[in-house]
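Numbering follows full-length UniProt numbering, with no gaps: position 41 of the sequence shown is 41.
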Amino acid sequence: MAIQEYSAETFEALLSLEAARKRFEDVNGNALVNDIFKPFFAKKGMERRFGLTMLHRHFDLKPDERLVEYNGTSSPWNTEEIPGMRRPQPSIWANCPDGYFRPTEFRYAKEQDDPFDELDEEFMLEFRALLDRHEVSNLFGFCRYPGDDFTGLCEITIGNTNINLKPADYFERIIENKIRRVRDGSLPDLAENDCIDQKDRLSAVLYPDLTYAPFAIDHGDLAPQNIIADSDYNICGIIDWGFSAMVPLQMAAGLPRFLRLQDLVLPPSISLKEDRASYMAFLQTRSSQASSWMILVQGGTDVDFRHCFLESIVSKGMHRRMVELKWEIPVSEQE
């Protein structure tokens, strides 16, 4: 058998999230995922049986604990059986130095996963060889396929608990927090109805096609002074990531700051239209999932309203402004 039982030592040997992220960058993880592992899973017919995962841990566990996910929240559970409850099922496995895969995380559910068969065993052996060949056994593992309805998650750690947010939950959580702050008087410039209106309009602003898109890193201040270019105008680097955050893709894929409206009046100026057209023309030459998502978000006729609306969720100033404008961007009589 390629699979062995859980051991606390396996979990403790996992890299921290920051160390795993650095390791991912050092080994050019994106290329490995797209050029090596994705074709391998598809070739073996396992793309809807297993998934690839970046192994990491957020905190330590006691020797008699294991990390168990239930309803979107992962927390330490005692390894002893609980009378009247099913045993948590392994959900993520790591390739260990002893030549076996051992579980690192579990999930609790009434439905029991199918047992592994000979094809699964064959896949695991070849996957282990692939990990060893590329020297990334401490970085990548495999997990149970989350299903076609998997919406992507944003993992937040509070103490020794991981909370997984779905993309739509992200915005609703912020709005609910604002409602509480309005009620306790810490947001005096907003009314509770302003937040309720915002929440009611949210579903019409979010693209249904991005429901299943992952979270992504938003720079937060992608202005010209933060973009380094050489004498031939080739971009060499992006600096000042102090405001960056992991956010739903629709927010991360919005227009960069230098292509947004300077004043909340439509239509955009002629020069801004030309800049956007040049930018979009280049973007359309790129053939990737990321570029197709960006084209969807940035190419819509109502791109300015959608951007301002999402910004109003995280910006008190924009929220007040959109309330004043009755959730519409005015159109100038003169173009």
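All residues carry an ideal CB built from backbone N, CA and C; glycine is no exception.
Alpha carbon to alpha carbon, how far is M46 from P88? Give it in angstroms, no decimals.
On the sequence shown, residue 88 is found 88 positions in, with the first residue counted as 1. On the sequence shown, residue 46 is found 46 positions in, with the first residue counted as 1. Cα-Cα distance, rounded: 23 Å.
Quick check on the DSSP output: what are the complete beta strand (DSSP E) runs of length 3 or more inside the segment 48-83, in order along the chain?
Counting whole runs of 3 or more residues, the segment 48-83 contains the beta strand (DSSP E) stretches 50-54, 65-70, 73-78.
Could you name each continuous alpha helix (DSSP H) segment of 4 residues or more that falls completely within the segment 232-274, going from the start of the chain to the end?
Runs of the alpha helix (DSSP H) inside the segment 232-274: 249-252.
Here's the rule: buried if 16 or more other CB atoms are within 10 angstroms of the residue's CB, otherwise exposed. What is W241?
Here the question's residue 241 lines up with position 241 in the sequence shown. Classification for W241: exposed.
What distance in whole Å lies between the Cβ atoms of L264 and I313, which are believed to be in contact at a cut-off of 8 Å?
Residue numbering aside, residue 313 sits at position 313 when the sequence shown is read from its first letter. Residue numbering aside, residue 264 sits at position 264 when the sequence shown is read from its first letter. Not really, about 16 Å apart at Cβ, beyond 8 Å.
Where R183 and M322 are concerned, what is the direct C-alpha to C-alpha distance, given to the nearest angstrom?
Taking the first residue of the sequence shown as 1, we reach residue 183 at position 183. Taking the first residue of the sequence shown as 1, we reach residue 322 at position 322. Note on geometry: alpha-carbon atoms of R183 and M322 lie some 20 Å from one another.
Starting from W93, trace the beta strand (DSSP E) both ways and give me its first and last residue.
Indexing the sequence shown from 1 puts residue 93 at position 93. Boundaries of the beta strand (DSSP E) around W93: 89-95.
At which residues does the beta strand (DSSP E) containing E105 begin and terminate?
The residue you call residue 105 lines up with position 105 of the sequence shown. Here the beta strand (DSSP E) through E105 covers 101-107.
Terminal residues of the alpha helix (DSSP H) in which D200 lies
The residue given as residue 200 occupies position 200 in the sequence shown. Element bounds for D200: 192-205.
Figure out for me which residue from I270, P97, F11, M124 has the closest Cα to the Cα of F37.
Counting from 1 along the sequence shown, the entry for residue 37 is found at position 37. Out of I270, P97, F11, M124, M124 has the C-alpha closest to the C-alpha of F37.
Distance CB(I227)-CB(I239) smaller than 9 Å
Position 227 of the sequence shown, counted from the first residue, corresponds to residue 227. Position 239 of the sequence shown, counted from the first residue, corresponds to residue 239. With respect to I239, I227 sits close: the two C-beta atoms are nearer than 9 Å.
How big is the Cα-Cα spacing for Y233 and D120?
Counted from its first residue, the sequence shown places residue 233 at position 233. Counted from its first residue, the sequence shown places residue 120 at position 120. Near 50 Å, if we compare the C-alpha coordinates of D120 and Y233.
As a quick exercise: from I3, N162, R181, pick the residue whose alpha carbon is nearest that of S75.
In the sequence shown, counting from the first residue as 1, residue 75 sits at position 75. Comparing Cα positions, the closest option is N162.
Determine the contact status of D304 and L261, defining contact as a CB-CB distance below 9 Å.
Walking along the sequence shown from the start, residue 304 turns up at place 304. Walking along the sequence shown from the start, residue 261 turns up at place 261. Closer than 9 Å, so yes.
What is the DSSP secondary structure of T10, reduced to helix, strand or coil?
The residue labelled residue 10 in the question sits at position 10 within the sequence shown. Note: T10 maps to helix in three-state DSSP.
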